[in-house]
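Trainee: The listed protein sequences derive, respectively, from chains P and B. Position 174 (the first sequence) corresponds to 184 in our numbering; numbering is contiguous. Position 49 (the second sequence) corresponds to 59 in our numbering; numbering is contiguous. To start, I am sharing the structure in question, which I have written as structure tokens.
Protein chains: 2
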Amino acid sequence: MKGIIEDLNWRYATKLFDPKKKVSQSDLNELLEALRLSASSHGIQPWKFVVVTDKKLRVELRKSARGQPQVTDASHLIVLCVRTNVDEKHIKKYIQDMAKTRNVTVNSLKDYEGSMTGSIKRKDKEEILEWSIRQVYISLGMLLTACATKRIDACPMEGFDHTAFDRLLGLEKEKLTSVVLCPVGYRGNDKYAKAKKVRFPQSEIIIKR
Amino acid sequence: MKGIIEDLNWRYATKLFDPKKKVSQSDLNELLEALRLSASSHGIQPWKFVVVTDKKLRVELRKSARGQPQVTDASHLIVLCVRTNVDEKHIKKYIQDMAKTRNVTVNSLKDYEGSMTGSIKRKDKEEILEWSIRQVYISLGMLLTACATKRIDACPMEGFDHTAFDRLLGLEKEKLTSVVLCPVGYRGNDKYAKAKKVRFPQSEIIIKR
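So this is what it looks like as structure tokens:
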């Protein structure tokens, strides 16, 4: 047991953070960079990430997250959000970004743009949103793993009032909606830190063909 | 740039695998272990993972995945699947597993079981499936990151005929359906390997509050 497997065995959904221990600016930046570099279908990046440090705001947010202490006590609260406007305009912006980054013409990317636009057009608005949310969950997986490799604790949380969070964070005007929370920081005296990880054995979940 | 950020910059969705280079059994086992250890809501693990090595079967599967060469040419094809039966029975099994692992009584976990059962009961069958699929995407994010740390290439793929895959892999009788593919192996002479990664800058996707 070493490397990534040791990292993943180390991590757990931290219930109690030490409110005194802060993630350094450079470590936080690495976590945000891991989110930025995350994979998504076509590389379409249907997301933005809100980092909440304001104490008063976090007290308010906690009230809309079943009072769970991680919201206020972790070093930083990251709110993973999905763009509600993943459309032809978003794709065009992405293609322009790609052309600039790779020093090619927008025209040379027409086929790629067409395949993405086609994929969007086959879905209704609700399906696009759900597909986009799935991509956000990839970024959550990458963030949790990045945290583990750096021995930074995290706690993915779905149990919160999305409408209240969107309002308190002013997300609607940014064309975003909140998907999942990920407070990050360092574990406190958390009884769950020592609890054995519960996972079905490989024999039950791996099928060979 | 070092550690996890270097790893994530190294990775890309590999279009062309070297069919001669195989992932060793011990490396494969680490990737499967990363999937097994993946985070999920409540730790509910609504997934199984199919590892396909049979060559003939992979030729058949490729036909139902737009003919994309990764399906046959990567060292191993991993099919990430969602359980279609995430219900009270599944939760009961998970709770029994937890009781055994942590050496506590099933009765002491009644509240935890109740909160999970409650969460399931508030959703209809379609919502449970979609929620479960989101969890599978966390495991995809963790797998891709694990691959990157080990310099193993991967290519997440959504573009395939799910019904055909389910039939060819015999998933229905296992109460599973295919969600996303992840061939793993080593990049061949792939022109995309050297292409610059295209990502929006942090200034466009990180919001501070």
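For every residue, glycine included, the Cβ atom is placed at its ideal position computed from N, Cα and C.
(1) Strictly under 8 Å for the Cβ-Cβ distance: is Lys201(P) near chain B by that measure?
(2) Mapping the DSSP letters down to three states, classify Met11(B) as helix, strand or coil.
(3) In whole angstroms, what separates the C-alpha of Arg132(P) from that of Asp64(P)?
(4) Val197(B) and Ala203(B): beta carbons closer than 8 Å?
(5) Can you check which of these residues, Lys120(P), Ile217(P) and His86(P), is closest to Ser34(P) by C-alpha distance?
(6) For the stretch 130-182 of chain P, list the alpha helix (DSSP H) runs that are entirely contained and at least 4 residues long, ordered along the chain.
(7) Who are the neighbours of Val69(P) on chain B, taking C-beta pairs under 8 Å?
(8) Skipping 5 residues on each side, what residues in its chain have a beta carbon closer than 7 Å to that of Lys31(B)?
(9) If you drop the 5 nearest sequence neighbours on each side, which residues of the same chain put their C-beta closer than 8 Å to that of Leu47(P)?
(10) Within the same chain, show all residues whose beta-carbon is closer than 8 Å to that of Ser74(P), passing over the 5 residues directly before and after it, in chain order.
(11) For Leu26(B), which residues from the same chain have a beta carbon less than 6 Å from its beta carbon, with the 5 sequence-adjacent residues on both sides left out?
(12) Nearest by alpha-carbon distance to Leu18(B): which of Ile15(P), Glu98(P) and Glu43(P) is it?
(13) Tell me, to the nearest whole angstrom, how far the beta carbon of Leu150(P) is from that of Lys58(P); I am working on the premise that it is less than 8 Å.
(14) Does the beta carbon of Thr159(B) come closer than 8 Å to any beta carbon on chain P?
(15) Starting from the C-beta of Met11(P), find all residues in its chain whose C-beta is less than 8 Å away, skip the five residues before and the five after it, and write them out in chain order.
(16) Check the DSSP bridge columns for Gly195(P) and list the partner residues they point to.
(17) Using the C-alpha atoms, what's the distance from Gln145(P) back to Ser129(P)?
(18) Out of Val92(B), Glu123(B) and Thr82(B), which has the shortest C-alpha to C-alpha gap to Tyr147(B)?
(19) Between Arg161(B) and Tyr22(P), what straight-line distance do the alpha-carbon atoms span, to the nearest angstrom?
(20) For Lys58(B), list the residues DSSP reports as bridge partners.
(21) Going along chain B in order, which residues have a C-beta closer than 7 Å to the C-beta of Thr111(P)?
(22) When the Cα of Pro211(B) is compared with those of Gln55(P), Leu181(P) and Leu38(P), which residue comes out closest?
(23) Just verifying my parser: in three-state terms, what is the DSSP assignment at Ala203(P)?
(24) Using DSSP's beta-bridge definition, name the partner residues of Leu186(P).
(25) Quick one: what does DSSP say Ala44(P) is sitting in, helix, strand or coil?
(26) How would you call Thr24(P), buried or exposed, if buried means at least 16 neighbouring beta carbons within 10 angstroms?
(27) Give the straight-line distance between the Cα atoms of Lys206(B) and Arg219(P), rounded to the nearest whole angstrom.
(28) Measuring alpha carbon to alpha carbon, tell me which of Gly180(B), Leu181(B) and Met167(B) ends up nearest Val190(B).
(29) Quick one: using the 10 Å Cβ neighbour count with 16 as the cut-off for buried, is Ser118(P) buried or exposed?
(30) In three-state terms, what does DSSP make of Ala75(P)?
(31) Measure from the alpha carbon of Tyr104(B) to the alpha carbon of each residue in Val89(B), Glu123(B), Gly180(B) and Arg68(B), then state which is nearest.
(32) Determine the closest residue to Glu40(B) out of Leu45(P), Glu40(P) and Glu16(P), with distance taken between C-alpha atoms.
(33) Would you kindly work out how many angstroms separate the C-alpha atoms of Pro79(B) and Pro193(B), rounded to a whole number?
(34) Give me the subset of the stretch 123-148 of chain B whose CB atoms are less than 7 Å from a CB atom of chain P, sorted by chain position.
Mentor: A quick look at the data gives this:
(1) Reading the first sequence from its first residue, position 191 is the one you call residue 201(P). So, not an interface residue.
(2) For the purposes of this step, residue 11(B) is taken as the residue at position 1 of the second sequence. Reliability fails at Met11(B), whose pLDDT of 49 lies under 50, so the model's placement of it is uncertain and no value is given.
(3) The count along the first sequence starts at 1 and reaches residue 132(P) at position 122. The count along the first sequence starts at 1 and reaches residue 64(P) at position 54. Using only the alpha carbons, I get a separation of about 41 Å.
(4) Residue 197(B) sits at position 187 when you count from the first residue of the second sequence. Residue 203(B) sits at position 193 when you count from the first residue of the second sequence. A quick correction: the sequence has Arg, not Val, at residue 197(B). For Arg197(B) and Ala203(B), yes; Cβs fall inside 8 Å.
(5) Here residue 34(P) is taken as the residue at index 24 of the first sequence, counted from 1. The shortest C-alpha separation from Ser34(P) is found at His86(P).
(6) 135-159 and 172-178
(7) In the first sequence, counting from the first residue as 1, residue 69(P) sits at position 59. Neighbours of Val69(P) on chain B: none; closest Cβ ~13 Å, over 8 Å.
(8) Residue mapping note: residue 31(B) aligns to position 21 of the second sequence, counting from 1. Same-chain partners within the cutoff: Ser85, Gly195 and Tyr196.
(9) Here residue 47(P) refers to the residue found at position 37 of the first sequence. Correct list, in chain order: Met152.
(10) One-based indexing of the first sequence puts residue 74(P) at position 64. These residues qualify, in order along the chain: Phe170, Asp171, Ala174, Phe175 and Leu178.
(11) Against the second sequence, residue 26(B) aligns to sequence position 16. Gly198 and Asp200.
(12) Mapped onto the second sequence, residue 18(B) falls at position 8. When each option's Cα is compared against that of Leu18(B), the closest is Glu43(P).
(13) The residue you call residue 150(P) lines up with position 140 of the first sequence. The residue you call residue 58(P) lines up with position 48 of the first sequence. Leu150(P) to Lys58(P), Cβ: 14 Å. No contact.
(14) By one-based count along the second sequence, residue 159(B) stands at place 149. It does; some Cβ of chain P falls within 8 Å.
(15) Locating residue 11(P) in the first sequence gives position 1, where the first residue counts as 1. Below a pLDDT of 50, predicted positions are generally treated as unreliable, and Met11(P), at 49, falls in that range; no measurement from the model is reported.
(16) Counting from one through the first sequence, the residue named residue 195(P) turns up at place 185. Looking at the DSSP assignment, Gly195(P) forms a beta bridge with Asp163(P).
(17) By one-based count along the first sequence, residue 129(P) stands at place 119. By one-based count along the first sequence, residue 145(P) stands at place 135. Each residue's Cα considered, the two are about 15 Å apart.
(18) Within the second sequence, residue 147(B) is the residue found at index 137, counting from 1. Of Val92(B), Glu123(B) and Thr82(B), the residue nearest in Cα terms is Val92(B).
(19) As a first step, residue 161(B) is located in the second sequence; it is residue number 151 there, counting from the start. As a first step, residue 22(P) is located in the first sequence; it is residue number 12 there, counting from the start. One C-alpha to the other measures close to 25 Å.
(20) Position 48 of the second sequence, counting from 1, holds the residue named residue 58(B). Paired residue(s): Cys91(B).
(21) Working through the first sequence from its first residue, we reach residue 111(P) at position 101. Under the 7 Å cutoff, chain B gives Lys206 and Val208.
(22) As a position in the second sequence, residue 211(B) is number 201, starting the count at 1. Of the listed residues, the one whose Cα sits closest to Pro211(B) is Gln55(P).
(23) By 1-based counting over the first sequence, the position of residue 203(P) is 193. Helix at Ala203(P).
(24) As a working mapping, residue 186(P) is identified with position 176 in the first sequence. Answer is Arg93(P), bridged to Leu186(P).
(25) Taking the first residue of the first sequence as 1, we reach residue 44(P) at position 34. Here Ala44(P) sits in helix by DSSP.
(26) Taking the first residue of the first sequence as position 1, residue 24(P) is located at position 14. Buried.
(27) Position 196 of the second sequence, counted from the start, is the residue given in the question as residue 206(B). Position 209 of the first sequence, counted from the start, is the residue given in the question as residue 219(P). One C-alpha to the other measures close to 36 Å.
(28) The residue labelled residue 190(B) in the question sits at position 180 within the second sequence. The shortest Cα separation from Val190(B) among Gly180(B), Leu181(B) and Met167(B) belongs to Met167(B).
(29) As a working note, residue 118(P) is residue 108 in the first sequence. Exposed.
(30) Here residue 75(P) is taken as the residue at index 65 of the first sequence, counted from 1. If DSSP states are grouped into helix, strand and coil, Ala75(P) belongs with coil.
(31) As a working note, residue 104(B) is residue 94 in the second sequence. Ranking Val89(B), Glu123(B), Gly180(B) and Arg68(B) by Cα distance to Tyr104(B) puts Glu123(B) first.
(32) Indexing the second sequence from 1 puts residue 40(B) at position 30. Of the candidates Leu45(P), Glu40(P) and Glu16(P), the one whose C-alpha sits nearest the C-alpha of Glu40(B) is Glu16(P).
(33) To locate residue 79(B), count along the second sequence from 1; it is residue 69. To locate residue 193(B), count along the second sequence from 1; it is residue 183. Cα to Cα, the separation comes out at about 10 Å.
(34) Glu140, Ile143, Arg144, Tyr147 and Ile148
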